[in-house]
Amino acid sequence: MNKQEDQMALISPLYSGVYSQIAPQQAESKPRRRRKKNKGGENSLSGFRKRKLTQEQVDVLELNFGNEHKLESEKKERLASELGLDPRQVAVWFQNRRTRWKNKKIVEELSKLQSAHDGFVLEKCRLESEVIKLKEKLCEAEKEIQRLRERVDGGASNSPISSLTMEAMDTHLLGEFGGYEEAFYMADNSYNIPGMEWMNLFM
DNA sequence: CTTCGTACTGGCTTACATCA
DNA sequence: GTGATGTAAGCCAGTACGAA
17 MNKQEDQMAL ISPLYSGVYS QIAPQQAESK PRRRRKKNKG GENSLSGFRK
67 RKLTQEQVDV LELNFGNEHK LESEKKERLA SELGLDPRQV AVWFQNRRTR
117 WKNKKIVEEL SKLQSAHDGF VLEKCRLESE VIKLKEKLCE AEKEIQRLRE
167 RVDGGASNSP ISSLTMEAMD THLLGEFGGY EEAFYMADNS YNIPGMEWMN
217 LFM
């Protein structure tokens, strides 16, 4: 693998945002010099009328692109003579094809992210309604505790047993949540679980 | 008029050669 | 051997332009 391929491998498969890593200077939106209109200079291929490649030529090029998105000069020359094209045309075709491929990938990636996002929103709604149900349950449990406390206090006020019994009851009823705060921390304070911070983006 | 495909421009990197 | 410099080739983003 040469250095250039190495570099491309470092870059995401989509080449996304890529060139900015290689050429940060260019990534800054520097005003570009406007290109002069060219009606066919010395090195111009458009000296002759711009023409569409035949279906057969495109098929062969697509086949080669499918195997390898990069074009080595030897392969370029071979393809060019095989298809009766200028090597420059082959190079340009590959360059444009890479651009189309990259754009297509970006669109695909966007739609994947969109559906993932939709899924997370759905899950968030489900969790929120679960929190509401659990809060209702907790409220009922607290009322029940209060009733029992009043009953016990009424029979033997200031008895050391009463407070111990209450503690035990609290532990029994709330033990699975590890206490009120812990149980509902997430619901009120968004996602603070390590590694889940990104969820806040959707809040 | 819009979209798509082909070709070009300019900025940039990399590899290689040459020279002091 | 090594660093500086020049050059060719290739890549990309952006753009022009002809054809459908």
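Quick note, the first sequence lines up with residues 17 to 219 if you use the numbering used here.
All C-beta atoms, glycine included, are put in the ideal place defined by N, C-alpha and C.
Cut-off 8 Å between Cβ atoms - residues of its own chain near residue i, not counting five sequence neighbours on either side
| i | result |
| --- | --- |
| Ala96 | Asp102, Pro103, Gln105, Val106 |
| Ser127 | none |
Where residue i falls, given that 16 or more other Cβ within 10 Å makes a residue buried
| i | result |
| --- | --- |
| Lys159 | exposed |
| Leu77 | buried |
| Lys68 | exposed |
| Leu15 | It is not possible to answer for residue 15, since the shown part of the chain is limited to 17 through 219. |
| Lys92 | buried |
| Glu192 | Legend: pLDDT at Glu192 = 46, less than 50; position of this residue unreliable, value from coordinates given subsequently. Exposed, because fewer than 16 other Cβ atoms sit within 10 Å of the Cβ of Glu192. |
| Arg50 | Note that Arg50 has pLDDT 35, beneath the 50 cutoff, so the model's placement of it is unreliable and the number below is only indicative. So Arg50 counts as exposed. |
Cβ neighbours of residue i in the same chain (closer than 7 Å, five flanking residues each side left out)
| i | result |
| --- | --- |
| Phe81 | Phe110, Arg113 |
| Glu156 | none |
| Thr115 | none |
| Glu144 | none |
Span of the alpha helix (DSSP H), counted from its first residue to its last, around residue i
| i | result |
| --- | --- |
| Asp102 | Counting along the chain, Asp102 falls outside any alpha helix (DSSP H), and DSSP gives it neither H nor E. |
| Leu79 | 71-83 |
Cut-off 6 Å between Cβ atoms - residues of its own chain near residue i, not counting five sequence neighbours on either side
| i | result |
| --- | --- |
| Gln73 | Leu99 |
| Leu154 | none |
| Leu79 | none |
| Gly195 | Residue confidence for Gly195 is low, a pLDDT of 44 falling below 50, so the modelled location carries little weight and cannot support an answer. |
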